[in-house]
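In my numbering, the protein residues as written are 61 to 260.
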């Protein structure tokens, strides 16, 4: 994984999937913002998280949103998690001679929860849990210690938050508030924000 400033973490649960990210944006040693959202709900079933240069992430996000709007209009349904990952893979690979700096996690629920990680050239890797960005090495330590296939959605959320908090303590490029998106197999997705002042 590249050393792009951010910590984005996602974990599958037996009854859904959780994705979370920090909000800090840096330029060298300068903190540009503590309020940049890096995880976004694309549909009621799929969310996405970006690490890397914010301009690249915002550009990809806008393109995805427009493609999904068009797909919804034509197909009269929402694109699946795998469909979004394949679309994103094609977009990233088409830029291979001028690659973007973003790594991406696509997390969603089709019939079952899915997590798909993409690098800047569009390579895809499906996994049970994932972390990207500069805080990923720290987050993986927490994930590997705490992950189980039997986790409930609430337990997965606690694990994701714990992994992000650990990264925020040690990674200088990660920080700010924490966004958390939980997508259950049954029911509506939930978006939460853990404010920076309440993080310990």
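By construction, the Cβ of each residue, glycine as well, lies at the ideal position given by its N, Cα and C atoms. Note that the structure is a prediction, hence the values are computed from the model and not measured.
Rounded distance between the beta-carbons of residue j and residue i, thought under 8 angstroms
i           : j          : result
residue 219 : residue 71 : 6 angstroms
residue 27  : residue 66 : Lying before the first or after the last residue shown, residue 27 is absent from the chain, which here runs from 61 to 260.
residue 213 : residue 75 : 5 angstroms
Same chain only: Cβ atoms within 7 angstroms of residue i, ignoring 5 sequence neighbours per side
i           : result
residue 152 : 160, 178, 180, 181, 182
residue 249 : 101, 104, 241, 242, 243
Chain-order list of residues whose beta-carbon lies under 8 angstroms from that of residue i (same chain, five-residue window excluded)
i           : result
residue 119 : 160
residue 95  : 83, 236, 237
residue 147 : 124, 127, 139
From the options, residue whose alpha carbon lies closest to that of residue i
i           : options            : result
residue 242 : 216, 236, 259      : 216
residue 192 : 205, 176, 207, 158 : 176
residue 93  : 127, 137, 139, 114 : 114
residue 186 : 196, 203, 168      : 168
residue 111 : 135, 133, 166      : 166
Extent of the continuous beta strand (DSSP E) run through residue i
i           : result
residue 95  : Careful: residue 95 lies outside any beta strand (DSSP E) and carries neither H nor E.
residue 173 : 173-178
residue 153 : From DSSP, residue 153 is part of no beta strand (DSSP E) but of the alpha helix (DSSP H) over 141-154.
Nonlocal neighbours in the same chain, by C-beta distance under 6 angstroms from residue i, ignoring five residues either side
i           : result
residue 190 : 70, 165, 175, 177
residue 131 : 139
Terminal residues of the alpha helix (DSSP H) in which residue i lies
i          : result
residue 82 : Residue 82 -> not in any alpha helix (DSSP H); beta strand (DSSP E) instead, spanning 76-82.
Continuous alpha helix (DSSP H) assignments of at least 4 residues falling wholly in the segment 180-229: 196-206
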